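S.K.:
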Amino acid sequence: MNSTLLRRVAARAPLRRLYTTPSNHNLEILDHALTKVNELGWTRASVIAACQDLGYSSMAHGVSESGGLGLVRHFMDRALDETTIEVDDQLHEFDSTNDKLRFICITRLRQTLPYANRWHEAAALLAQPQNVPTAIDQMGKLASRIWYLAGDQSVRLDWYAKRSALAAAYVATEMYMCEDKSPDHAHTWRFLNRRIEEMGKADKLSQGVAAYGTQFGRNLYNILASRGFVPHQ
Amino acid sequence: MNSRIAVSSARRASQRLIQRTTPDETTTHFGFKTVPEAQKESLVRGVFSNVASNYDIMNDAMSMGIHRLWKDHLIRKMSPSPDAKLLDVAGGTGDIAQRFLEFQDQGEPGQRVDAWARAEKRFAASKWMREGRIGFTVGNAENLEFIDDASFDVYTIAFGIRNCTHPDRVVREAFRVLKPGGRFMCLEFSRVENPVLASLYDFHSFHVIPRLGELIANDRGSYEYLVESIRKFPPQKEFAQMIRDAGFTTIGKGYENLTFGTVAIHTGYKF
Numbered sequence: 001m002n003s004t005l006l007r008r009v010a011a012r013a014p015l016r017r018l019y020t021t022p023s024n025h026n027l028e029i030l031d032h033a034l035t036k037v038n039e040l041g042w043t044r045a046s047v048i049a050a051c052q053d054l055g056y057s058s059m060a061h062g063v064s065e066s067g068g069l070g071l072v073r074h075f076m077d078r079a080l081d082e083t084t085i086e087v088d089d090q091l092h093e094f095d096s097t098n099d100k101l102r103f104i105c106i107t108r109l110r111q112t113l114p115y116a117n118r119w120h121e122a123a124a125l126l127a128q129p130q131n132v133p134t135a136i137d138q139m140g141k142l143a144s145r146i147w148y149l150a151g152d153q154s155v156r157l158d159w160y161a162k163r164s165a166l167a168a169a170y171v172a173t174e175m176y177m178c179e180d181k182s183p184d185h186a187h188t189w190r191f192l193n194r195r196i197e198e199m200g201k202a203d204k205l206s207q208g209v210a211a212y213g214t215q216f217g218r219n220l221y222n223i224l225a226s227r228g229f230v231p232h233q
Numbered sequence: 001m002n003s004r005i006a007v008s009s010a011r012r013a014s015q016r017l018i019q020r021t022t023p024d025e026t027t028t029h030f031g032f033k034t035v036p037e038a039q040k041e042s043l044v045r046g047v048f049s050n051v052a053s054n055y056d057i058m059n060d061a062m063s064m065g066i067h068r069l070w071k072d073h074l075i076r077k078m079s080p081s082p083d084a085k086l087l088d089v090a091g092g093t094g095d096i097a098q099r100f101l102e103f104q105d106q107g108e109p110g111q112r113v114d115a116w117a118r119a120e121k122r123f124a125a126s127k128w129m130r131e132g133r134i135g136f137t138v139g140n141a142e143n144l145e146f147i148d149d150a151s152f153d154v155y156t157i158a159f160g161i162r163n164c165t166h167p168d169r170v171v172r173e174a175f176r177v178l179k180p181g182g183r184f185m186c187l188e189f190s191r192v193e194n195p196v197l198a199s200l201y202d203f204h205s206f207h208v209i210p211r212l213g214e215l216i217a218n219d220r221g222s223y224e225y226l227v228e229s230i231r232k233f234p235p236q237k238e239f240a241q242m243i244r245d246a247g248f249t250t251i252g253k254g255y256e257n258l259t260f261g262t263v264a265i266h267t268g269y270k271f
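Line by line, the protein sequences are chains Y and R.
Counting in UniProt numbering, the first sequence runs from 1 upward without gaps.
Counting in UniProt numbering, the second sequence runs from 1 upward without gaps.
#1: Is there a C-beta anywhere in chain C that falls below 8 Å from the one on ARG183(R)?
#2: With H, G and I counted as helix, E and B as strand and the rest as coil, what does DSSP make of GLY31(R)?
#3: In whole angstroms, what separates the C-alpha of GLU37(R) from that of VAL192(R)?
#4: To which residues does DSSP link ARG183(R) through a beta bridge?
#5: Among residues of its own chain, excluding the 5 on either side of HIS61(Y), which ones have a beta-carbon nearer than 6 Å to its beta-carbon?
#6: Among residues of its own chain, excluding the 5 on either side of THR107(Y), which ones have a beta-carbon nearer than 8 Å to its beta-carbon?
#7: So, are the CB atoms of ASP168(R) and ALA246(R) less than 8 Å apart?
#8: What does ASN50(R) pair with, by DSSP beta-bridge criteria?
#9: In whole angstroms, what is the alpha-carbon distance linking ASP148(R) and VAL177(R)?
#10: Please name the residue, chosen from SER42(R), GLU41(R), ALA52(R), that lies closest to ASN218(R) on a Cα-to-Cα basis.
#11: Just mark ILE57(R) as buried or exposed, buried being the case when its beta carbon has 16 or more other beta carbons within 10 Å.
#12: Strictly under 8 Å for the Cβ-Cβ distance: is ALA225(Y) near chain R by that measure?
#13: Which residue from LEU226(R), PRO234(R), PHE123(R) puts its Cα closest to that of ASN91(R)?
#14: GLN67(Y) versus chain R: which residues are under 8 Å apart at the beta carbon?
#15: Using beta carbons (cut-off 8 Å, strictly below), is THR26(R) in contact with chain Y?
#16: Output the distance between the C-alpha atoms of ARG194(Y) and SER154(Y), rounded to the nearest integer angstrom.
#17: Can you give, in chain order, each stretch of the alpha helix (DSSP H) that sits fully within the segment 129-184 of chain Y and has at least 4 residues?
#18: Measuring straight from C-alpha to C-alpha, what distance separates ASP137(Y) and LEU197(R)?
#19: DSSP three-state call for PHE191(Y): helix, strand or coil?
#20: Answer yes or no: do PHE184(R) and ILE243(R) have a C-beta to C-beta separation smaller than 8 Å?
#21: Could you check if ASP158(Y) is buried or exposed, using at least 16 other CB atoms within 10 Å of its CB as the buried criterion?
#22: In whole angstroms, what separates the C-alpha of TYR212(Y) from that of LEU205(Y)?
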């Protein structure tokens, strides 16, 4: 089902890198910089340390645009790619969409776990006004990919609602996870279950509101028609 | 008055050169004129020695002070690390060198800068000069044979490469002198892509700037050359390809437009 997506991810050539020259040294530096994050944070210092480790001039740190933000973006892209590859052969074991969503979210959250102590810094970086476009872009990609992997390819009016609900649930769980000290993060997974169930309820609720709206409109039309304000068909 | 006479005689001289051009000689552009390749360097030198005394004032007048912001942005984008060593080519005014050293001084004291021109006077009394963190040399950017391979971390050329006879050779030399992982940055006039703004910009270039040159520097000819040479320089995408052809790695499209593309910062990494 996801073979095209998977091929693209596995080839490490997402569309946005189409114009980049074939050399992958920039990715090499960014990947290595991730190993410095727990020590030096989501900062330019991490990227500089990585450049020096790899024998490059420290000025190669420019491959991570706007210092730490480029590193955060790289991590999120990479984590999403890893998640896509990891869940691909296990997704068929789940029946309901909710179970699939839960499984994909957990796989993605585990990618953040190694940086749990430092993740709040990345979140703070993404919350800065000038970085909000990046944050929205990343959350959009994340939510879209998760829905897609869970088998939802519908293009309906609730497209944005679904994605924002999932992104909200994901971000809340991620924040909870970074503070969670329970063994094997059991509390986090329970927290995630509740968020996903709520999403289902909200979805039903939105359908209810839509049905109510339609019924209300129909009633109004009939009342007006009976008074002669609108012509009978 | 003297300088005006000098310019008009220089113009006559360049016209003579054009007449002397034979079809089998290699030619290049000098503004909208075509001149033999061998002559371009001395013609450019002529322009810049004509404008040298009023250079800073004219830059402010032509760009309405924005050239300072472009240079600030270049350094912020570069974010020099404390150990970075800069080669600033066409650094006659010292604008880039000064901003670079100031940025590094925000952290711990940093490395030295080599700038390529006559800004020595400006820095003669500075602490950077005393500390030996800045040095000056005169040379040709197309042939930096007196600089070792892989010896600099950053290479900048701001508003200079347009005047070189072979920009591609300049970029190749930059590739050679940079260390692996080193960064090439070029700040240069480029193309305004929005057609409405482009017509405004053309009006400014062909009517306002030569007039300003006449009023402030008493030198219309040199500023006509300046705006013409901007039109002759390859547009953003072509120049980015030239940088890739020299061996550099570019990230994304490889350049950033400033002020609607009036100028662009091109970046390449040596990997």
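Here a beta-carbon is modelled for each residue, glycine too, at the ideal position from N, C-alpha and C.
Given the structure is predicted, the values throughout are model-derived calculations rather than measurements.
M.R.: In this structure, then:
#1: No chain C appears in this structure, whose protein chains are Y and R.
#2: coil
#3: 28 Å
#4: VAL154(R), TYR269(R)
#5: ARG44, VAL47, ILE48, CYS51
#6: THR83, GLU86, VAL87
#7: yes
#8: Answer is none; ASN50(R) lacks a bridge partner.
#9: 6 Å
#10: ALA52(R)
#11: exposed
#12: no
#13: A quick correction: the sequence has Gly, not Asn, at residue 91(R). Among LEU226(R), PRO234(R), PHE123(R), the Cα nearest to that of GLY91(R) is on PHE123(R).
#14: In the sequence under discussion, the amino acid at residue 67(Y) is Gly, which differs from the Gln named in the question. Going along chain R in sequence order, the residues near GLY67(Y) (Cβ under 8 Å) are SER79.
#15: no
#16: 24 Å
#17: 132-149, 159-179
#18: 30 Å
#19: helix
#20: yes
#21: exposed
#22: 10 Å
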